[in-house]
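There are 4 protein chains.
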Amino acid sequence: IMSKGTVVLAYSGGLDTSCILVWLKEQGYDVITYLANIGQDEDFEAAQKKAESLGAKKVFIEDLRAEFVEDFIWPAVQANAVYEDRYLLGTAVARPCIARRQVEIARREGAHFVSHGATGKGNDQIRFELTCYALYPEVKIIAPWRIPEFYNRFRGRTDLMEYAQSRAPADLYLMTKNPEDSPSVPDVLEIEFKNGVPVKVTNVKDSKVTSSPLDIFSYLNDIGGKHGVGRIDIVENRFIGMKSRGIYETPGGTILLKAHLDIETFTMDKEVRRIKQGLGIKFSELVYNGFWDSPECDFVRHCITKSQENVEGKVQLSVFKGQVYILGRDSPTSLYNEELVSMDVQGDYDPCDASGFIRINAVRLREHHRLQGLSSTKQ
Amino acid sequence: IMSKGTVVLAYSGGLDTSCILVWLKEQGYDVITYLANIGQDEDFEAAQKKAESLGAKKVFIEDLRAEFVEDFIWPAVQANAVYEDRYLLGTAVARPCIARRQVEIARREGAHFVSHGATGKGNDQIRFELTCYALYPEVKIIAPWRIPEFYNRFRGRTDLMEYAQSRAPADLYLMTKNPEDSPSVPDVLEIEFKNGVPVKVTNVKDSKVTSSPLDIFSYLNDIGGKHGVGRIDIVENRFIGMKSRGIYETPGGTILLKAHLDIETFTMDKEVRRIKQGLGIKFSELVYNGFWDSPECDFVRHCITKSQENVEGKVQLSVFKGQVYILGRDSPTSLYNEELVSMDVQGDYDPCDASGFIRINAVRLREHHRLQGLSSTKQ
Amino acid sequence: IMSKGTVVLAYSGGLDTSCILVWLKEQGYDVITYLANIGQDEDFEAAQKKAESLGAKKVFIEDLRAEFVEDFIWPAVQANAVYEDRYLLGTAVARPCIARRQVEIARREGAHFVSHGATGKGNDQIRFELTCYALYPEVKIIAPWRIPEFYNRFRGRTDLMEYAQSRAPADLYLMTKNPEDSPSVPDVLEIEFKNGVPVKVTNVKDSKVTSSPLDIFSYLNDIGGKHGVGRIDIVENRFIGMKSRGIYETPGGTILLKAHLDIETFTMDKEVRRIKQGLGIKFSELVYNGFWDSPECDFVRHCITKSQENVEGKVQLSVFKGQVYILGRDSPTSLYNEELVSMDVQGDYDPCDASGFIRINAVRLREHHRLQGLSSTKQ
Amino acid sequence: IMSKGTVVLAYSGGLDTSCILVWLKEQGYDVITYLANIGQDEDFEAAQKKAESLGAKKVFIEDLRAEFVEDFIWPAVQANAVYEDRYLLGTAVARPCIARRQVEIARREGAHFVSHGATGKGNDQIRFELTCYALYPEVKIIAPWRIPEFYNRFRGRTDLMEYAQSRAPADLYLMTKNPEDSPSVPDVLEIEFKNGVPVKVTNVKDSKVTSSPLDIFSYLNDIGGKHGVGRIDIVENRFIGMKSRGIYETPGGTILLKAHLDIETFTMDKEVRRIKQGLGIKFSELVYNGFWDSPECDFVRHCITKSQENVEGKVQLSVFKGQVYILGRDSPTSLYNEELVSMDVQGDYDPCDASGFIRINAVRLREHHRLQGLSSTKQ
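Protein chains in written order, with full-length UniProt numbering: chain A, 1 to 379; chain B, 1 to 379; chain C, 1 to 379; chain D, 1 to 379.
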């Protein structure tokens with residue numbers, strides 16, 4: 001039999017993508033499986049053996065952990081990325097990272113097809129595929145969960161997620177402890193930032209220090225997880241226009257968001273911050289919707305990075321029972337001027353100026369009142 | 001001696017405004033003191049006696065609690081009002097409420113002057129005065145902390161706030177318990193919303209129900225306070241362009257923000273939500289800066305209120321150790337469609353459509369890639 | 001033969017939709033043709049006869065001119081709707097108007113299908129269909145130009161538009177004279193607005209007055225057309241992500257845009273205007289992309305309408321050689337205060353206040369400079 | 001007599017600033033006059049002599065024309081800078097340019113004071129002073145038109161502008177011909193852009209070529225002026241909250257705005273353009289309000305410059321009777337793909353994808369309709 005060509009399949013080692021692997025072979029494709037290690041809890045060796053035993057022509061296990069943190073999570077930290085005021089975009093940020101390597105493998109191996117196990121109603125299919133099309137425009141994508149012959153045959157399966165959702169959400173969390181069972185003594189951390197990204201974390205109690213991006217992120221996930229930080233149960237709006245319920249946990253990301261917000265406001269000009277806040281919201285929408293690899297996301301990332309040049313300094317915080325409390329901050333580039341703001345020191349600031357400031361701001365309001373008076377008189 | 005006229009002084013009963021009262025009389029004014037009860041912990045009777053003993057011509061103690069909640073806090077809840085991603089605007093919302101009544105008294109009493117004890121570097125002076133000018137354009141404002149003869153004489157005082165700030169922030173909190181000392185058993189609440197504002201709160205454990213706006217807000221302050229919810233230590237950007245440190249506690253407001261965000265996303269169309277989010281950020285800036293009584297804030301409030309027409313339903317949440325956890329939500333106007341989003345039910349949704357959706361979204365990205373290829377070829 | 005059901009076809013009388021009519025019958029459908037009169041130059045009687053002769057079961061010719069102006073063009077005028085800074089959205093606004101009636105007919109006639117002649121790469125297919133789905137969610141849409149059996153058969157046709165585009169753009173304009181050939185004497189108009197829409201137009205020279213919406217719009221099209229106003233040759237970004245070239249003429253719309261911008265700025269508070277400007281840009285994108293009938297467009301229209309409550313008064317303008325020149329404006333609700341702004345009258349305004357205003361605005365800038373000085377010292 | 005110190009006065013050669021020069025000397029200051037040449041029609045030699053004869057200690061005439069175009073106008077062109085949809089910011093852009101040099105002179109000459117002749121109700125005072133404070137934070141500013149002793153004495157003067165405004169606006173224009181009197185034959189230009197700024201202008205008829213920034217801008221002012229391009233009569237909102245009437249002419253700026261908009265849309269990704277459009281509006285507000293030298297304006301300029309990297313190519317346009325008509329454009333970096341957009345070539349684009357795209361976009365709209373149906377059923 002002639003092969004229809006080679007497919008690089010984003011493989012998870014689970015039931016779903018194993019079915020897809022077998023089905024793709026049935027359809028006449030040569031299948032290369034690719035499993036990205038972005039820090040998830042997985043038996044990679046077992047997955048490799050499974051893929052081989054199911055007939056994968058080649059098996060790639062790729063350790064993307066460091067580049068995931070540096071190239072994808074760090075920009076999200078700089079952006080204070082939050083979708084719809086609550087979701088910290090964990091999965092949304094992982095997809096382009098995984099797809100980027102998948103495309104690299106496909107090009108290198110001369111594969112004209114890529115495939116994935118994302119379902120036909122979700123966001124992940126879009127995130128995967130937009131990155132694939134953006135970086136490898138001629139690629140053909142095989143999305144079995146959108147192909148009737150596939151999904152009509154496999155739909156009956158007990159889907160892991162569906163199953164999970166029928167259980168109590170509390171059982172779903174993998175990384176975070178239930179805050180009710182978490183330690184009754186806080187951990188106190190000092191996080192040092194440079195250019196808006198963490199460069200060092202010190203545990204004030206045991207003096208433990210971490211300093212590489214991957215170590216920092218892993219450590220914050222551990223500490224956050226231990227104290228039950230970053231659990232949310234939300235309804236969100238998918239890109240395709242459905243509302244769906246999501247249960248997420250982002251322990252390290254939550255600590256970083258709080259710390260970064262703090263050092264950013266401390267060091268960034270007020271009006272720059274306001275503009276940058278709008279760009280951060282835009283960034284979050286783009287990433288959620290799968291447009292990491294787009295000209296507009298490149299542009300926004302560039303602008304946000306520019307805004308972070310002076311975002312440096314240390315934030316002290318305590319992590320306790322699901323919460324992160326900022327204790328203080330310190331920075332060589334701070335725009336906070338204790339003397340200027342003090343009520344006892346007048347310095348260069350003349351309080352009389354405030355009268356003029358207020359009165360000028362009131363010009364418009366008083367005119368508006370005057371006009372309203374006229375309008376009501378007329379009637 | 002001829003009186004220079006009558007001043008209505010926003011009086012707190014404290015040292016500062018007592019000094020101002022005496023000083024205004026010295027300057028030749030008749031002084032009416034006005035003390036607004038917006039729910040703060042205050043001995044109003046003692047304050048009244050003190051004002052009288054210091055020579056106030058009249059003393060008004062005004063109970064604004066209900067209108068503060070309904071006319072000022074509820075719109076902030078509808079807006080998800082947060083300044084600079086963190087500050088819930090407690091004080092900022094109180095100022096126009098207090099000033100509005102002050103202006104009413106001044107007009108009624110024929111007073112041409114109003115006065116207050118806000119300092120010359122802060123936001124509160126602006127919030128007070130913009131409302132006064134907006135509602136009573138001809139009023140004259142006496143702001144002693146901006147008048148050299150006054151502040152040069154009184155500057156030496158041990159300012160309460162300054163004093164407080166030199167102590168550990170933990171001692172500053174009045175309404176909230178330290179989460180470390182808070183109960184180790186959560187309270188579970190069900191908050192019912194209608195038109196985006198809470199109309200009923202039920203404590204699931206003891207079945208206690210509150211339903212008037214003032215009762216609801218007080219109760220949520222109690223529950224939130226008991227569990228240490230809503231404490232923040234931030235550096236913020238004042239309207240006048242200084243950064244200042246603020247220690248705030250908004251226990252009830254924090255619970256409401258989380259609950260409202262949840263029911264809003266559950267019931268509001270995705271794209272309406274996005275536009276409304278932008279208006280909410282605008283609203284927060286306006287309120288922080290003192291523009292509650294402005295045409296633009298009226299306009300934004302109108303739009304936000306319109307957006308809340310379908311925001312109704314119940315949110316279940318637990319309050320524990322400084323955190324608020326959403327447990328679930330339920331609404332007759334929800335746009336969440338379990339069947340539509342289910343992975344097992346196809347219904348009217350055709351997964352193949354997603355392929356077209358993604359490919360059309362990729363048209364632009366692929367073109368961009370093509371052009372970049374051309375550019376690099378040229379060089 | 002059993003009919004497959006009834007289709008309501010948006011019929012133009014031209015070659016394209018005539019082909020579609022015949023093809024739909026071939027496919028086994030009963031076809032009702034529907035031709036909307038939105039003011040285009042068309043022989044409606046001839047079109048009716050043609051449709052009947054080609055086998056249409058029923059033929060509807062609907063005069064939508066008045067509702068097109070009042071329900072669709074007037075909101076666009078209130079919004080100052082312009083897409084990508086240049087395109088005045090003529091066609092984009094017509095589509096939902098046409099589709100709305102089409103859906104009404106389909107429901108009334110018990111038709112489960114609608115069809116149109118829009119091509120598969122354009123915006124109009126989207127505008128048509130989103131309105132159909134929004135107002136008649138169960139409808140089935142037949143878009144022949146996206147169906148291979150159809151377009152492979154008919155693709156070879158000399159497409160009218162394509163043909164047109166190969167000719168000089170100057171020949172494309174139907175409503176507007178070439179400015180080089182237009183009169184060398186201006187027309188001077190006075191347009192009166194109420195609630196942000198024109199209620200009366202007076203030609204100052206010949207005293208001709210028009211006052212119904214349809215008459216006003218037609219008259220402005222005539223005057224604008226006579227003077228060559230509103231021609232543009234642009235490249236625009238379609239919703240589907242392609243750039244395309246467009247040659248448009250909107251003579252009446254251009255006059256109204258200029259006049260409305262003028263009376264709006266004259267009567268609307270500065271900050272309300274700024275917020276409304278953002279909503280207008282949003283509105284334009286939504287309409288361009290086909291989302292006229294969406295919750296977010298309803299919301300934005302509501303907000304914009306609210307903003308227009310005081311937008312009333314008269315604008316004088318001259319129309320000449322492709323341009324519209326504003327000559328003056330007059331309004332009972334104007335916020336323009338000649339005395340306040342005069343350099344010779346001081347009035348209630350104290351110029352000293354401006355010093356304070358400026359100095360407070362400079363606080364932040366001076367601090368920024370101070371910090372930059374420190375930074376450079378460090379290196 | 002001891003001098004109070006040295007003032008650098010922004011001198012215009014006119015009556016106003018001559019009065020200020022004399023008055024400053026009366027007050028005991030040494031006065032250095034500084035006259036910036038930014039291309040205005042002025043007898044600089046006469047002004048120099050006048051200043052000397054009035055007792056200026058030193059007289060600086062500075063030719064800022066080239067830096068005005070390159071450092072100030074070009075960024076405004078890149079931004080498509082327009083304030084309140086109509087005003088092209090001519091004066092607003094000139095002020096920081098003039099003030100920047102004034103501060104340099106003050107620092108170099110050891111002057112602690114700067115002064116200007118801008119009035120106390122206008123924008124220019126703010127634009128001047130914010131730049132001065134930003135670049136020279138310790139400077140003292142003397143603004144005579146805000147000092148009662150000065151303005152009470154000089155208020156009676158026949159102010160040039162006031163006088164002018166009482167005459168017909170048509171007489172006010174200095175650079176532009178009345179379109180009614182302008183040539184009846186168009187000029188046709190080709191403007192070549194690189195990085196979003198013009199690098200070459202060719203007059204197609206006489207083959208005249210200009211290529212330095214200053215030459216290009218002067219030439220476009222000439223051509224635009226000759227054809228009466230860029231006249232506006234508007235009411236605008238000043239920063240201080242008053243509405244004022246302005247009569248402006250920006251012939252060269254108007255040509256550049258139209259040409260730049262065209263080449264930008266031709267070469268810039270759609271979504272980048274949308275984000276950049278928002279930044280351009282922000283930029284315009286900042287510049288209008290006098291914040292050219294601010295961290296946020298630096299930031300926005302940086303982002304806008306970044307967006308212009310691919311904005312290159314040629315725009316052909318005709319200038320005629322007050323209008324600019326785009327005739328065509330051409331670019332090596334265009335994202336316009338004639339084949340992709342063609343109705344006759346299918347290429348890689350599958351029209352069926354559009355069906356999926358539309359249906360997915362309709363998911364949300366159909367759900368919304370469903371919910372509305374339920375709501376109305378309930379009642």
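Backbone N, C-alpha and C define an ideal beta-carbon position, used for all residues, glycine too.
Would you please state the rounded distance, in angstroms, between the beta carbons of residue i and residue j? I believe it to be under 8 Å.
i: L21 (chain C); j: T33 (chain C); result: 6 Å
i: K121 (chain A); j: Y349 (chain B); result: 7 Å
i: N221 (chain B); j: G252 (chain B); result: 4 Å
i: S12 (chain A); j: G90 (chain A); result: Not a contact, Cβ separation roughly 16 Å.
i: S307 (chain D); j: V341 (chain C); result: Actually they are not in contact, since the Cβ atoms of S307 (chain D) and V341 (chain C) sit about 36 Å apart, beyond 8 Å.
i: residue 411 (chain C); j: V204 (chain C); result: Residue 411 (chain C) lies beyond the range of chain C shown here (1 to 379); nothing can be said about it.
What residues of chain D sit near residue i, judged by a beta carbon separation below 9 Å?
i: L130 (chain C); result: I358, N361, A362, L365
i: S279 (chain B); result: This sequence places Leu at residue 279 (chain B); Ser is not what is there. Near L279 (chain B) there are no residues of chain D at all, since even the closest Cβ is about 15 Å away, more than 9 Å.
Under three-state DSSP, which class holds residue i?
i: R366 (chain C); result: helix
i: K226 (chain C); result: helix
i: Q277 (chain B); result: helix
i: Y349 (chain C); result: coil
i: P179 (chain A); result: helix
i: E129 (chain D); result: helix
i: L317 (chain D); result: strand
i: P186 (chain C); result: coil
i: residue 446 (chain D); result: With chain D covering only 1 through 379, there is no way to say anything about residue 446 (chain D).
i: G328 (chain D); result: strand
Could you name the residues of chain A that residue i contacts, counting a contact when the two beta carbons are closer than 7 Å?
i: G14 (chain B); result: Within chain A, no residue comes near G14 (chain B); the closest Cβ sits about 15 Å away, beyond 7 Å.
i: P148 (chain D); result: Neighbours of P148 (chain D) on chain A: none; closest Cβ ~14 Å, over 7 Å.
Kindly identify the DSSP beta-bridge partner or partners of residue i.
i: N361 (chain B); result: Answer is none; N361 (chain B) lacks a bridge partner.
i: T6 (chain B); result: B:D30
i: Y83 (chain B); result: B:Y87
Just the chain D side, please: which residues come within less than 8 Å of residue i by C-beta, in chain order?
i: N237 (chain C); result: T265, K270, R273
i: A94 (chain B); result: Simply none; closest approach about 25 Å.
Below 9 Å on C-beta distance, what does residue i contact in chain B?
i: K306 (chain C); result: F299, H302, C303, K306
Could you list which residues in chain B have their beta carbon closer than 8 Å to that of residue i, in chain order?
i: H368 (chain A); result: A134, S294, P295
i: F172 (chain A); result: Per the sequence shown, residue 172 (chain A) should be read as Leu rather than Phe. Chain B residues near L172 (chain A): none, gap ~13 Å exceeds 8 Å.
i: R329 (chain A); result: V235
At least three beta-carbon pairs within less than 8 Å, the segment 60-77 of chain C to the segment 252-268 of chain C | Taking a cut-off of 8 Å on C-beta distances, the segment 60-77 of chain C touches the segment 252-268 of chain C, as three or more cross pairs fall below it.
Just checking, does the segment 351-364 of chain D make contact with the segment 278-289 of chain D on the three C-beta pairs under 8 Å criterion?
-> By the Cβ rule, the segment 351-364 of chain D does not count as touching the segment 278-289 of chain D, because fewer than three pairs are nearer than 8 Å.
How do the segment 227-244 of chain A and the segment 179-186 of chain A stand: do at least 3 beta-carbon pairs fall below 8 Å, yes or no?
-> Because the criterion of three Cβ pairs below 8 Å is met, the segment 227-244 of chain A and the segment 179-186 of chain A touch.
contact_flag[the segment 308-320 of chain B, the segment 185-194 of chain B] where n(CB pairs < 8 Å) is 3 or more = Output reads yes: the segment 185-194 of chain B touches the segment 308-320 of chain B.
Is there contact here, the segment 123-140 of chain C with the segment 83-100 of chain C, by at least three beta-carbon pairs under 8 Å?
-> Between the segment 123-140 of chain C and the segment 83-100 of chain C, the count of Cβ pairs shorter than 8 Å is three or higher; the stretches touch.
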